[in-house]
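Here is the structure we will look at, set down as structure tokens.
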Amino acid sequence: MALKERHAAGEELPSELLRSLGAKPAAAARADVDENGRPDDRWLVANAGQIGVYSSGGVCLHRFAPEEVRGLRTQDAPQGGGSLIADTQAGPVVLVRYTGACAKGLDAAVHTAKLLLEAGGSDATGGDSAGLCALCGEAAGEDHSCPAEDRMPRSGPGRRRVMTRLLGYTRPYRGRMFLAALFLIIAVLLELAPPLVTKIIVDDVLHPGGMAETLLIWVAALLGARLVLSALQIARGFIGVKVGAAMMNDIRRETFEALTEQSLGFYDRRQTSQFIGRLNQDTDSMRQFLTEGVIWVASQVLTVIAILSMMLALSWKLTLVVLLPTPLLLAGVWILWPKVRRLWYKQWRALNTLQTLVGDSLQGIRVVKAFGREKSEQARYGEANREMMTQTVRMEGLWQAATPLFMLVTGAGGIIVWYYGGLQVLDGGLTLGTLMAFTVYLTMFFGPLQWFTQAISWTNRAVSAAERVFEIMDTPREVADTTDAVTPGRLQGSVSLERVTYGYEKHKPVLKDISLEVKPGEMIGFVGHSGAGKSTLIHLICRFYDPDRGRILIDEIPLKKLSQESLRAQIGVVLQETFLFDGTIAENIAYAKPEASPLDIMRAAKIANAHDFIVGMSDGYDTRVGERGHRLSGGEKQRIAIARAILHDPRILILDEATASVDTETERLIQEAISRLVRGRTTFAIAHRLSTLRSADRLVVIDKGRIAETGTHEQLMELEGIYWKLVKAQNETALIRERDTSAEPV
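Numbering-wise (our numbering), the sequence shown opens with residue 240 and increments by one.
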């Protein structure tokens, strides 16, 4: 048997784990966080006899027989990633924790594990060669090629790997950092001069008959060293500020690019508020470490080496005495390191939870006030704030206890030196100047060692922050361009769906076996009950998600072969949830076409029936809409969104409840504008009021994820099927509303 084999997700199972299992499992996937929240590999393993969790060394951490597990579920963590929980007969058990980089592989392995549970423990995959791929869910035969295999991470992050990657951000600025390092070396040497000069002054100058001119020369040397040292520190500070700002720009840019390039599925499973902290606080921690921490640690190491050399030159016996407490300091650092790391991680989680809660509460402040839940939100915040306080006390309390102990140990060394060195001075074996210089060097020597614990905290914060930032960068894109993606010219607009199946959770498909042919310029109306899959189908056509099975083609080109940027450039979207950015009305209309002229913006607004209410505002098109457009009414926001799509001039138009937030009169005007807009464009429309879809070339009725009926309004009414029932129900509702309205007293 080979020492290493690949499981279905494309990663290599460790040799020790394979030997422990004895055979390749039906499904396995790597998690990258251990039970204490630290980066380490854990392996979820599922086969006919067990569902278990193992370390890379083959040690079994959890093992359950399939009949003992009632279900498997994932629980997203507010700071990203999540936990895999097994609902057993004894209660829920957290099997593994993971970051976003491992989420897709674990989701697929869990899917296979659930098939095993449903099969009652029998091998639901049919063996090694005939099962399902644990990554993509397709049949995993000998010739199966998983499209996502190349995007999977091959190994855990590892502290050393994270540190190496973090230091890689200094590469473009090595020249300036080398200059800063040179200034640093000179500064360290200059810091060694004062004690040595002090020795010379005490032993050779300050005695009866000494010359004042000689004293002046040595004092001037001290002053000159201090002036040069200050100049070097200022120069190094300026270099650090400039390099730090540049590196901060690089880190934040890459992080934001990674966030914006992630697919919608990435955000479906996470709270977006958490990423604000990662983008700001975590990247700043990385910057501080790279520009200040690295230089500071390097300076302290150089200082310790230089001071130790000077102390050995002055008195090797006293130096040995000084080094006696050093092993105690190093042992203390060794003990503190894992505790500091755990406490810092818990403190960060508490802070992240607090930030997420504030973001959610303030973004939904209208809902909070509408339901009178201010006190409830305050209570939630109070609980989270208390947890933050608890973790802060634990973290800072550790430092408050450790720092005096370190100072006690180092202070004891100084006391011993004064006694032992004083005896040597009294015996004539050591000069007073040498002892004074040695005690100064002693203080300088223990200074870096005392603050070495601070360096540990600094390094730990930076590496932990880097792990969270790199998690975002390394999370595989669920919807990614292929290496051979094409950028077509102007699309004709034909759309073909071939047996498309998709579910937000793989085992719960929302759409099932959808096939549809749409000609260029044809208008298709999607109809069905709420939750039937209409919006999901729209999202697939926009390629916000990729189908689990089947494929979608535009102009006979598979959607996966099209560059997403070129595809979106030719699709105009008006979604049910209208979102406006905090800017002017003109900027929001021109969002997809920033180079548009004021005349083009005004023309689009007129077509969308938005021009009249815009010019009626105090600042016209320069009126700021506020955060999420809260200064505009729902109907006004909807018309701005329609104008935005009109200005985009797409070949394929998506209208998802485009008139849901407008009154009847405004809806009529917008429908007239849309009827002109859709000419020559392939259009997919969803509308709550079915009467607005009567002009569609075809209506497609979606029922329980499948296409139930297709035809024009008249044809479907003649069938007296699902569509007929929907129209009848809406007409009856409209009659009831009219009757209730007419019965109201004037």
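Glycine is no exception: its CB is placed at the ideal position from the N, C-alpha and C atoms.
Helix or strand or just coil, what does DSSP make of residue i?
| i | result |
| --- | --- |
| residue 974 | helix |
| residue 967 | helix |
| residue 323 | strand |
| residue 750 | strand |
| residue 575 | helix |
| residue 594 | helix |
| residue 450 | coil |
| residue 545 | helix |
| residue 769 | coil |
| residue 330 | strand |
| residue 628 | helix |
| residue 757 | strand |
| residue 947 | strand |
| residue 528 | helix |
| residue 731 | coil |
| residue 806 | helix |
| residue 867 | helix |
What is the rounded straight-line gap between the Cα of residue i and the Cα of residue j?
| i | j | result |
| --- | --- | --- |
| residue 296 | residue 304 | 21 Å |
| residue 975 | residue 801 | 49 Å |
| residue 927 | residue 282 | 47 Å |
| residue 598 | residue 864 | 20 Å |
| residue 758 | residue 709 | 44 Å |
| residue 310 | residue 718 | 28 Å |
| residue 804 | residue 519 | 27 Å |
| residue 260 | residue 401 | 30 Å |
| residue 372 | residue 286 | Only weak support exists for where residue 372 lies, its pLDDT of 40 falling under 50; the coordinates are left without a value. |
| residue 894 | residue 918 | 14 Å |
| residue 365 | residue 791 | Reliability of the predicted coordinates at residue 365 is poor, the pLDDT of 39 falling under 50, and the value obtained from them is presented with this limitation in mind. So the alpha carbons of these two residues sit roughly 30 Å apart. |
| residue 487 | residue 702 | 15 Å |
| residue 961 | residue 711 | 45 Å |
| residue 367 | residue 746 | Here residue 367 scores only 37 on pLDDT, less than 50, and its place in the model should not be relied on; the value that follows carries that caveat. Answer to the nearest angstrom: the Cα atoms are 21 Å apart. |
| residue 699 | residue 579 | 8 Å |
| residue 346 | residue 274 | 19 Å |
| residue 724 | residue 780 | 17 Å |
| residue 522 | residue 584 | 16 Å |
| residue 963 | residue 811 | 30 Å |
| residue 952 | residue 613 | 48 Å |
Just reading off the alpha helix (DSSP H) that residue i is part of, what are its end residues?
| i | result |
| --- | --- |
| residue 256 | 254-260 |
| residue 778 | 773-780 |
| residue 875 | 873-887 |
| residue 301 | Premise fails: residue 301 lies in the beta strand (DSSP E), 299-303, not in any alpha helix (DSSP H). |
| residue 959 | Looking at the DSSP string, residue 959 is not in any alpha helix (DSSP H), and its letter there is neither H nor E. |
| residue 507 | 503-507 |
| residue 825 | 824-828 |
| residue 838 | 837-846 |
The ligand MN heavy atoms versus the CB of residue i: any closer than 7 Å?
| i | result |
| --- | --- |
| residue 964 | The model depicted lacks the ligand MN and carries no ligand whatsoever. |
Start and end of the beta strand (DSSP E) containing residue i?
| i | result |
| --- | --- |
| residue 293 | 290-294 |
| residue 421 | No beta strand (DSSP E) contains residue 421, which is instead part of the alpha helix (DSSP H) from 413-439. |
| residue 851 | Looking at the DSSP string, residue 851 is not in any beta strand (DSSP E); the run it does join, the alpha helix (DSSP H), is 850-854. |
| residue 558 | Element bounds for residue 558: not the beta strand (DSSP E) but the alpha helix (DSSP H), 555-561. |
| residue 789 | 788-793 |
| residue 268 | 266-272 |
| residue 285 | 278-285 |
| residue 612 | Neither: residue 612 is in no beta strand (DSSP E) and is coded neither H nor E. |
| residue 942 | 937-942 |
Give me the Cβ distance between residue i and residue j, rounded to the nearest whole Å; I'm assuming they're in contact under 8 Å.
| i | j | result |
| --- | --- | --- |
| residue 571 | residue 645 | 7 Å |
| residue 557 | residue 677 | 6 Å |
| residue 916 | residue 846 | 7 Å |
| residue 672 | residue 442 | 4 Å |
| residue 468 | residue 426 | 6 Å |
| residue 483 | residue 526 | 5 Å |
| residue 464 | residue 429 | 5 Å |
Looking at chain D, is there any beta carbon in it that lies within less than 8 Å of the beta carbon of residue i?
| i | result |
| --- | --- |
| residue 261 | Judged by its chain identifiers, the structure shown contains no chain D, having just a single protein chain. |
>> Three Cβ pairs or more, each shorter than 8 Å: is that satisfied between the region 813-828 and the region 875-883?
In response: Counting C-beta pairs with one atom in each stretch, the region 813-828 and the region 875-883 have three or more that are closer than 8 Å, which means they touch.
> Does the region 618-628 touch the region 579-598, meaning 3 or more C-beta pairs lie closer than 8 Å?
Replying inline: Yes: the two stretches touch, three or more of their Cβ pairs being nearer than 8 Å.
>> Quick check: the region 820-839 against the region 785-799, are at least 3 beta-carbon pairs closer than 8 Å?
In response: No contact exists between the region 785-799 and the region 820-839.
>> Can you confirm whether the region 260-271 touches the region 347-355 when touching is taken to mean that 3 or more C-beta pairs between the two stretches lie within less than 8 Å?
In response: Between the region 347-355 and the region 260-271, the count of C-beta pairs closer than 8 Å reaches three or more; the two stretches touch.
>> Tell me whether the region 750-767 and the region 732-742 touch, counting them as touching only if at least three CB pairs, one residue from each stretch, are closer than 8 Å.
In response: Touching, per the Cβ criterion.
> Are the region 495-504 and the region 469-480 touching, with three or more C-beta to C-beta distances below 8 Å?
Replying inline: Contact fails: fewer than three Cβ-Cβ distances are below 8 Å.
>> Check whether the region 936-949 and the region 761-777 touch, using three or more Cβ-Cβ pairs below 8 Å as the test.
In response: Touching, per the Cβ criterion.
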